[in-house]
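> Sharing a structure below in structure tokens format, with a few things to ask.
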Amino acid sequence: MNPILMLDLESQQIRIREQLDQAIARVLDHRQFVMGPEIAELETALGRRMGAEAVACGSGTDALIVALLSLGLARGDSVIVPSFTFAATAEAVALCGGQIIFADIRADTFNIDPAQLESTILETMATGDRIVGIVSVDMFGQPAEQDAIRSVADQFGIWVVADAAQSFGAMWDGLPTGALADVTTTSFFPSKPLSCYGDGGAVFARDPALADVCRSVRNHGQSDERYDHVRLGLNGRMDTLQAAIVIEKLAIFDDELRVRRELAGRYDELLEGTVTTPTVLPAARPTWAQYAIKSVDRELLSKRLAEVGVATAVHYPRPLHFQAAFSGATQSPSGLTISEQVAGEVLSIPMHPYLSVDDQVRIASAIRDASVGA
Ligand SMILES: *Cc1c(COP(=O)(O)O)cnc(C)c1O
0 MNPILMLDLE
10 SQQIRIREQL
20 DQAIARVLDH
30 RQFVMGPEIA
40 ELETALGRRM
50 GAEAVACGSG
60 TDALIVALLS
70 LGLARGDSVI
80 VPSFTFAATA
90 EAVALCGGQI
100 IFADIRADTF
110 NIDPAQLEST
120 ILETMATGDR
130 IVGIVSVDMF
140 GQPAEQDAIR
150 SVADQFGIWV
160 VADAAQSFGA
170 MWDGLPTGAL
180 ADVTTTSFFP
190 SKPLSCYGDG
200 GAVFARDPAL
210 ADVCRSVRNH
220 GQSDERYDHV
230 RLGLNGRMDT
240 LQAAIVIEKL
250 AIFDDELRVR
260 RELAGRYDEL
270 LEGTVTTPTV
280 LPAARPTWAQ
290 YAIKSVDREL
300 LSKRLAEVGV
310 ATAVHYPRPL
320 HFQAAFSGAT
330 QSPSGLTISE
340 QVAGEVLSIP
350 MHPYLSVDDQ
360 VRIASAIRDA
370 SVGA
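Sequential numbering of the sequence shown, starting at 0, is according to numbering that gives the first Met the number 0.
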């Protein structure tokens with residue numbers, strides 16, 4: 000039987016190949032490879048969707064670094080980060096000199112648990128830490144609970160950065176994620192729902208003055224004048240070629256999101272009673288970057304699925320507080336047991352807008368067969 004892959008960038012490319020070829024050719028013709036006209040065009044389109052000013056960046060990681068530096072994160076400041084996330088979320092904080100405080104997640108949404116935030120902040124502040132912000136993550140494309148996170152942040156007068164690397168296009172309570180946190184970041188890495196052909200990302204700032212700072216930080220801290228460096232920054236710019244590609248993919252993005260949501264609904268039905276399917280909070284409209292099930296026999300399940308040609312992936316097998324790179328981080332006094340448990344049970348199954356109904360049925364019956372035999 001033909002293998003079912005996690006991702007199908009080929010079908011998407013076939014669909015818009017002509018538009019992509021033309022868009023790339025336009026960049027080759029105008030030759031403004033750095034900060035060409037496609038950058039401003041993309042930023043306008045992204046910003047309109049997000050309800051905030053967009054600043055295109057070289058990657059989702061660059062976007063996080065630009066966001067944190069623009070908010071003034073400095074050496075010794077402490078920042079709350081969930082332990083169950085991709086390394087970049089915490090890495091960006093540490094690279095900017097921040098002290099990471101790992102917080103735990105909810106077992107059902109895999110997002111930071113707002114109920115534990117206040118006690119985590121109070122207990123770490125009691126040890127003398129100066130907490131300046133929270134970085135939330137929209138795991139697998141489901142927005143974190145921004146209203147609850149906001150109220151804790153307001154209580155302590157700290158900022159919120161939403162790492163929306165997996166959730167561009169998601170909504171919370173009818174609002175795009177970028178309209179909620181102080182700064183939102185996203186990634187256009189090829190496996191994300193909206194992607195380019197290499198590395199790319201964006202920062203979204205609601206405050207226009209902060210957006211100006213982000214633009215400056217993205218470009219070596221320059222002011223509007225060339226070679227006038229008013230602050231430290233980096234080369235965090237997105238390539239014009241990548242922007243041209245995202246513009247073409249944005250044209251079919253709503254249709255792709257609609258299909259992802261249909262697929263998620265069908266998986267929910269097909270897998271009911273077999274494995275733990277994802278929980279979506281009433282206010283959330285996810286992008287379904289991943290469809291992650293939970294199984295206590297994950298290794299066996301993924302092995303059985305591989306045997307019948309169904310690819311799976313584990314996002315992420317080890318929480319960050321178990322990684323050598325983050326051995327200097329502080330752990331929430333409430334513990335990180337949910338992050339540890341979830342990392343041991345999650346399994347992402349194929350989810351992309353070009354997955355057929357037949358493939359979904361085949362995946363679901365393979366999961367059922369494997370679970371029965373487990
Ligand atoms: C992908 C991802 C990033 C990093 O994005 P890059 O574009 O690969 O740098 C950061 N955070 C999360 C949660 C991600 O999934």
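For every residue, glycine included, the Cβ atom is placed at its ideal position computed from N, Cα and C.
Using a Cβ distance threshold of 8 Å, determine whether the stretch 321-331 contacts the stretch 16-28, with at least three qualifying pairs required.
When C-beta atoms of the stretch 321-331 are compared with those of the stretch 16-28, fewer than three pairs fall below 8 Å, so the two segments do not count as touching.
> Between the alpha carbons of isoleucine 348 and leucine 179, how many angstroms are there, rounded?
For isoleucine 348 and leucine 179, the distance between alpha carbons rounds to 30 Å.
> Taking only heavy atoms of ligand 1 into account, decide whether any of them is closer than 7 Å to the Cβ of phenylalanine 188.
At least one heavy atom of ligand 1 is found less than 7 Å from the C-beta of phenylalanine 188.
> Given a threshold of 16 other Cβ atoms within 10 Å of its Cβ, counted over all protein chains shown, does lysine 248 qualify as buried or as exposed?
buried
> Just tell me which of Ala250, Ser333 and Val345 has its CA closest to the CA of arginine 14.
Ala250
> If valine 151 and proline 81 are in contact, beta carbons under 8 Å, what's the gap, nearest whole angstrom?
Contact doesn't hold; Cβ gap of about 14 Å is too wide.
> Alpha carbon to alpha carbon, how far is leucine 19 from valine 54?
22 Å
> Rounded to whole angstroms, what's the CA-CA distance from glycine 197 to leucine 269? Just pull it up for me.
34 Å
> Along the chain, where does the beta strand (DSSP E) that runs through isoleucine 99 open and close?
Note, isoleucine 99: beta strand (DSSP E), 98-102.
> Tell me whether the beta-carbon of leucine 319 lies closer than 8 Å to the beta-carbon of alanine 89.
yes
> Can you check which of these residues, Val78, Thr108, Ala342 and Asp368, is closest to cysteine 95 by C-alpha distance?
Val78
> Helix, strand or coil: which one does DSSP assign to glutamine 289?
coil
> Of all the beta strand (DSSP E) runs that stay within the bounds of the stretch 134-184, which reach a length of 3 or more residues?
158-162
> Check for me: the beta strand (DSSP E) holding valine 307 runs from which residue to which?
Element bounds for valine 307: n/a, residue is neither H nor E.
> Can you look up glutamate 52 in the DSSP assignment and give me helix, strand or coil?
strand
> Could you pull out every residue in the same chain whose Cβ sits closer than 7 Å to the Cβ of phenylalanine 155, ignoring the five residues on either side in sequence?
Ile120 and Ile130
> How big is the Cα-Cα spacing for proline 113 and alanine 143?
9 Å
> So what does alanine 312 bridge to, in DSSP terms?
Ser347
> Would DSSP call phenylalanine 325 helix, strand or coil?
helix
> With a cut-off of 8 Å on the beta carbons, I'd call glycine 272 and proline 192 a contact; round off their distance for me.
In fact, because the Cβ distance is near 28 Å, the residues do not count as touching under 8 Å.
> To the nearest angstrom, report how far apart aspartate 61 and glycine 235 are at their CA atoms.
6 Å
> From leucine 116 to tyrosine 226, what distance separates their C-alpha atoms?
42 Å
> Relative to the C-alpha of valine 33, which residue among Cys56, Leu45 and Arg47 is closest?
Cys56
> Let me know the beta strand (DSSP E) ranges lying completely inside the stretch 39-94, each 3 residues or longer, listed in chain order.
Correct list: 52-56 and 77-81.
> Use the C-beta contact count for alanine 373: other C-beta atoms within 10 angstroms, 16 or more gives buried, fewer gives exposed.
Unreliable positioning characterises alanine 373 in this predicted model, as indicated by a pLDDT of 47, which lies under 50. A coordinate reading is not provided.
> Is valine 160 near ligand 1, in the sense that its beta carbon is under 7 Å from a heavy atom of that ligand?
no
> For my contact list, arginine 230 and serine 215 are in at a C-beta cut-off of 8 Å; report their separation, rounded to the angstrom.
With a Cβ gap of about 6 Å, arginine 230 and serine 215 count as contacting.
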